[in-house]
Amino acid sequence: MVLQVILKVGFSTVHSLYRERYAYRENMTDVVVQHLISDERVVVKCRELVKKLAIYKKRLAIQMPERINIYEVTDDSSDMHYKIMQKINLKFDCTLLVVCAKHIVLCQEKILQCLSFEGVLERMVDGISY
Numbered sequence: 079m080v081l082q083v084i085l086k087v088g089f090s091t092v093h094s095l096y097r098e099r100y101a102y103r104e105n106m107t108d109v110v111v112q113h114l115i116s117d118e119r120v121v122v123k124c125r126e127l128v129k130k131l132a133i134y135k136k137r138l139a140i141q142m143p144e145r146i147n148i149y150e151v152t153d154d155s156s157d158m159h160y161k162i163m164q165k166i167n168l169k170f171d172c173t174l175l176v177v178c179a180k181h182i183v184l185c186q187e188k189i190l191q192c193l194s195f196e197g198v199l200e201r202m203v204d205g206i207s208y
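All letters in the sequence shown, in the order written, are residues 79 to 208 by our numbering.
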């Protein structure tokens with residue numbers, strides 16, 4: 079008797095969009111930021127599993143299993159070079175990651191957490207009702 083086992087492995091799409099910049103996970107451990115008008119691309123190598131990412135203006139936040147790295151684009155608005163700005167060495171479990179000008183927002187079920195780029199919890203909202 080021959081037993082066949084077929085497994086289907088699927089990975090969710092991890093991506094973010096802000097105006098003409100589109101960021102997406104590639105090869106599970108890299109993030110590609112693409113300028114949609116000029117088609118210029120830059121790869122941010124994380125060397126770890128990329129769980130979530132968010133992009134806003136000059137900021138790029140990448141969540142990995144044990145931390146969140148926040149990157150900043152150089153001063154030139156057309157430049158596509160990202161440099162590490164801050165590392166938050168805390169483990170978060172979230173369904174949505176949002177990066178803002180000076181904060182990150184984490185959403186898990188009905189809980190919203192607002193953290194500074196230093197990892198300090200500045201505000202938490204529990205029990206969102208519609």
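Idealized CB from N, CA, C, for every residue including glycine.
- Query: Mapping DSSP to helix, strand and coil, what is Gln82?
  - Reply: Three-state DSSP puts Gln82 in coil, outside helix and strand.
Open item on the list: As an exercise, report each continuous beta strand (DSSP E) stretch of at least 3 residues that is fully enclosed by the segment 119-147, in chain order.
Closed with: Entirely contained in the segment 119-147, the beta strand (DSSP E) runs reaching 3 residues are, in chain order, 119-123, 130-134, 137-142.
Any idea what DSSP makes of Glu196, helix, strand or coil? Secondary structure at Glu196: coil, using DSSP grouped into helix, strand and coil.
**Message:** Are the CB atoms of Glu98 and Met158 within a distance shorter than 7 Å?
**Reply:** Glu98 sits away from Met158, with the two beta carbons spaced by 7 Å or more.
Are Arg137 and Val92 touching if we call contact CB-CB under 7 Å?
Arg137 is not a Cβ neighbour of Val92, given a cutoff of 7 Å.
Tell me, please, which residues DSSP counts as bridged to Met202. The secondary-structure analysis by DSSP pairs Met202 across a beta bridge with Gln191.
Tell me the rounded alpha-carbon separation between Met106 and Glu126. For Met106 and Glu126, the distance between alpha carbons rounds to 8 Å.
Checklist line | Segment limits, beta strand (DSSP E) that includes Ser94 | finding: Counting along the chain, the unbroken beta strand (DSSP E) around Ser94 starts and ends at 93-96.
### Query
How far does the beta strand (DSSP E) with Cys66 in it reach, from first residue to last?
Not covered by the structure: residue 66. The range shown for the chain is 79 to 208.
Report task. Name the two residues that bound the continuous beta strand (DSSP E) containing Ile182. Result -> Element bounds for Ile182: 181-186.
Strand pairing of Ile166, partner residues [DSSP]
Listed as beta-bridge partners of Ile166 by DSSP are Ile146.
Practice problem: State the start and end residues of the unbroken beta strand (DSSP E) segment that holds Asp108. | Solution: Note, Asp108: beta strand (DSSP E), 108-113.
Query raised in the report: From Val151 to Val87, what distance separates their C-alpha atoms?
Result: Approximately 35 Å between the Cα atoms of the pair.
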